[in-house]
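To keep things clear, I will list the structure first and then write my remarks on it.
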Amino acid sequence: MGLRFIRISLFASRRLLFVSYIQPVEGVSRYRQISIHRWMSVNPNREPQMSKKRKSPDEQDFEEPPPAGCSDDGSSRGQCCRKSAGLTDEKVKAYLSLHPQMLDDFVLESVSAETLDRWLKKKTSSRPADDTSAKEVTRQYQDTNVQGVVYELNSYMEQRLDTGGDNKLLLYELCSIIKTATKADGFALYFLGECNNSLCLFNPTGAKDGPPSLIPSGPIAFGTTVAAHVAKTHKTLLVEDIMGDERFPDGTGQDSGIHVHSVLCLPIITAIGDLIAILELHRQWGKEPFNLSHQEVATANLAWASVAIHQVQVCRGLAKQTELNDFLLDVSKTYFDNIVAIDSLLEHIMIYAKNLVNADRCALFQVDHNNKELYSDLFDIGEEKEGKPVFRKTKEIRFSIEKGIAGQVAQTGEVLNIPDAYADPRFNREVDLKTGYTTRNILCMPIVSRGTVIGVVQMVNKLSGSAFTKTDENNFKMFAVFCALALHCANMYHRIRHSECIYRVTMEKLSYHSICTSEEWKTLTQLNLPTPIYKEIEMFHFDISPFEEIWPAVFIYMVHNSCGKTSFELEKLCRFTMSVRKNYRRVPYHNWKHAVTVAHCMFAILQKTSGMFTELEKKGLLIACLCHDLDHRGYSNSYLQKFDHPLAALYSSSTMEQHHFSQTVSILQLEGHNIFSNLNSSEYEQVLEIIRKAIIATDLALYFNNHQQLSELVTASALDLSNHSHRDRVIGLLMTACDLCSVTKQWQITRLTANDIYAEFWAEGDEMKKIGLQPIPMMDRDKKDEVPQGQVGFYNAVAVPCYTTLAKLFPPSSPLLNACKENLGQWEKISRGEVPDVVPKRPSDSGPVKVDN
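So the sequence shown is residues -27 to -1, 1 to 826, counted in mature numbering (1 follows the signal peptide of the UniProt record, and there is no 0).
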């Protein structure tokens, strides 16, 4: 039986290599078998033809004349005979064994391509499974001129690569097979040096039969060796006579004792363009030089090897990706479960970054854009503790953003992969001189957040000896995205912590200035109201203006008369009242005076509607009236929302009203200020809800819908005060009536108050004009002559309907409606020009009121 041979079909467009094995027919020439299959691959639909050759004397002697009726070429003229008399199968086999060329000629001339293909498939399917090692495969094919690589090597390489085998040794084994397939006399396998600018010869046994080693073989440059030339161009090179080629004065660069004549040199490149190694095949003097057929065989096998290695690298990359994802999840969990300090987070990031690209050292710099500097205080000292790198926190170092490779990355935002640091003019050698550490190669990457470089990660010295690869870059790019997120969150957390400290200090200062002193509240406990107040305080038209110094005492009196003197602890009530006064701003209208005025109107209504409201409602309504404009800034809700005020960000609707309630709760929470401390938890929640709803109801934007719904209930006689929804609407109308009570005072007071209201409106309009916006007429100072017409419209649309409905609900409140209509008539006269619009003098201008102690 003859030796086995390999059949190869190479589809160049897809770079696929199909390898199959068959046993040849006994005695058939190996050369002819390969020729047949190659011819069939090119001419699948044609019968193979073979020019007749002159027979040797032996063949002529053995040949018998064809029987009668048969032609020389075997075709039948009548009845074809199977064989001549005396010609047996054994004689035919013996003849063919001695003359295999005869069988070649017969097969080429007489057997169809379909039959040959059927034979090949049948032979292939009958081949038993083989589980040989790479060395056994090599041994089996040492004596063949096979153009390919064995099937067993495929499984062997995949197994070795999948289990983490050494790529270099595996490539060497493959190159040994290619050497045999191309009938080369020898080969050399080169890998890239540390900085990717030199070649190293691979020695599979190393010194004294030790582990594999790399022997430096010179730089990658033109005008030296064949391997250096191919490494420079990344293109296959076939040199028939190396001694006569002036491009390679150093030849192969080896002194192996073999006189090299022809060289076939091929680059081994991955699918993503990375140069892995250089294979150099050579033949001695006296042998035929390599030809294109040998180049095709070697290229096909290396292409397959490159794909196999790339596939394994992809698998390893996916495994690395899984590991990275696990790390990111772990860091995210750690970060969000227990937000760590920025130093701890940076250390965590740097440890993994080193492992990700297999670097010796790591550095992370943050960018100070204000000072145009890079800074860091956490350094990799190259030591390990319990298998983990140790990072030392030292004095912060800073250097200009215009220095070094890290500075270049911080400025441009580009990734820099420096294979030879000392060959790059941007490298700052001062660090190596100070530390004694030698930097060979650098991978430097920006950390970008919101389009701005906020940090730079620098990996130094690839541990495997070679420079950082594109795979390292790709892995690190994705990792840098997470670094940006983590670093941004850490910086944000740091800023929040810093802001919290500032907030605490600010709140401490504010609380000192916004809380009443002990002298203030103690003085309030001793005050008594003057006699005139007792006589008129329950009247709707009562004006508190002359009693400014005792407004807190007026409120205490109203609370005691409505809810009883034991309803609140006097000390806490006094503290609360005085602190509320401190938290009203000095604005023209929404001030402390307005708060007490509104509270007085509520007091007057409660006095005339005995039994209509519960004790909790009375307490809540009086406190709500006093606090309903706490910390008012003199601007409307629409103004705050239009200009994106922080309060508008906190409260999207009823902005100021929600802020007033929040301030109320804040004061209640101060030490010694909780006037509801004597209530149980359920009652406390109820009274806070009453206060909240009452304060929110003072938003005039909510009035119109509330009034319409309530009017329909009253008209239909469907109002039910036991219904919580109906009761809330009644309280809402009551709060609006109290808030607008300035329109129910005597004309002089009403006109003065209107002047205060417009002072705030015009101030807001002035602010809008500053930025080029036109305010509405009511807020335009230049249209002050339209105030009377504006007031007439306001009375008719808001005030009169409000007090009309209130009078229907609570008939004792009719004086409010009557006074409102009287003031409306006055505004109408002014708008018609019947009387002049004269702003009267304030009553308080006549002097202070005497207080009875």
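From the three backbone atoms N, C-alpha and C, an ideal C-beta is built for every residue, glycine too. Note that the structure is a prediction, hence the values are computed from the model and not measured.
What does residue i pair with, by DSSP beta-bridge criteria?
i    : result
I370 : S349
A336 : Q431
M418 : V430
A727 : Per DSSP, none; premise fails for A727.
I151 : Partner(s): none; I151 has no beta bridge.
P192 : S171
N390 : L416
H567 : Looking at the DSSP assignment, H567 forms no beta bridge with any residue, so it has no partner.
H255 : G159, V236
A250 : F164, I241
S804 : Bridge partners of S804: none, in fact.
Using the three-state DSSP reduction, which class does residue i fall into: helix, strand or coil?
i      : result
D810   : coil
N176   : strand
Q682   : helix
Q74    : helix
D341   : strand
P505   : helix
G537   : coil
S786   : helix
Q747   : coil
K781   : helix
F79    : helix
K141   : helix
H697   : helix
F576   : helix
A526   : helix
R(-24) : For R(-24), the predicted structure reports a pLDDT of 32, less than 50, and the residue's modelled location is therefore unreliable. A value from the coordinates is still provided. DSSP places R(-24) in coil when its eight states are reduced to three.
L692   : coil
S611   : helix
A102   : The predicted model places A102 with a pLDDT of 42, which falls under 50 and marks its position as unreliable, so this point remains unresolved.
T225   : coil
T61    : coil
T425   : strand
S518   : helix
N18    : With a pLDDT of only 46 at N18, under 50, the local geometry of the prediction cannot be trusted, and no value is derived from it.
L187   : strand
H605   : coil
K757   : helix
K718   : coil
S279   : helix
If residue i and residue j are in contact, beta carbons under 8 Å, what's the gap, nearest whole angstrom?
i    : j    : result
H605 : V571 : Between V571 and H605 the Cβ distance is about 12 Å, and since that is not below 8 Å, they are no contact.
G191 : A201 : 6 Å
I245 : K443 : 6 Å
C238 : V203 : 5 Å
A568 : H533 : With 8 Å as the limit, A568 and H533 do not qualify as a contact, their Cβ atoms being about 18 Å apart.
R220 : S235 : That belief does not hold up - the Cβ atoms of R220 and S235 are roughly 15 Å apart, past 8 Å.
Y163 : L174 : 6 Å
S627 : I669 : 5 Å
L725 : V808 : The Cβ separation is near 16 Å, so there is no contact.
Starting from residue i, trace the alpha helix (DSSP H) in both directions and tell me its first and last residue.
i    : result
G763 : 760 to 767
Q384 : 377 to 385
F160 : Here F160 belongs to no alpha helix (DSSP H); instead the beta strand (DSSP E) covers 159 to 165.
A597 : 588 to 600
E493 : 491 to 499
T582 : That residue, T582, is in no alpha helix (DSSP H); it is neither H nor E in DSSP.
M752 : Element bounds for M752: n/a, residue is neither H nor E.
L546 : 543 to 555
Taking the continuous beta strand (DSSP E) assigned at residue i, which residues delimit it?
i    : result
Y476 : Per DSSP, Y476 belongs to no beta strand (DSSP E); it is in the alpha helix (DSSP H), 443 to 487.
I242 : 233 to 242
A201 : Unbroken run through A201 is the alpha helix (DSSP H), 199 to 206; no beta strand (DSSP E).
V212 : 210 to 212
Consider the C-beta atom of residue i and the heavy atoms of the ligand COA; say whether any pair is separated by less than 7 Å.
i    : result
I378 : Absence of the ligand COA from the depicted structure is noted, as is the absence of any ligand whatsoever, leaving it without description.
Contact criterion: CB-CB distance below 8 Å. Does residue i meet it with respect to chain C?
i    : result
L589 : The chain inventory of the structure shown lacks chain C, comprising one protein chain alone.
Length-filtered (4 minimum) alpha helix (DSSP H) runs lying within the segment 614 to 678: 619 to 623, 628 to 641, 654 to 669
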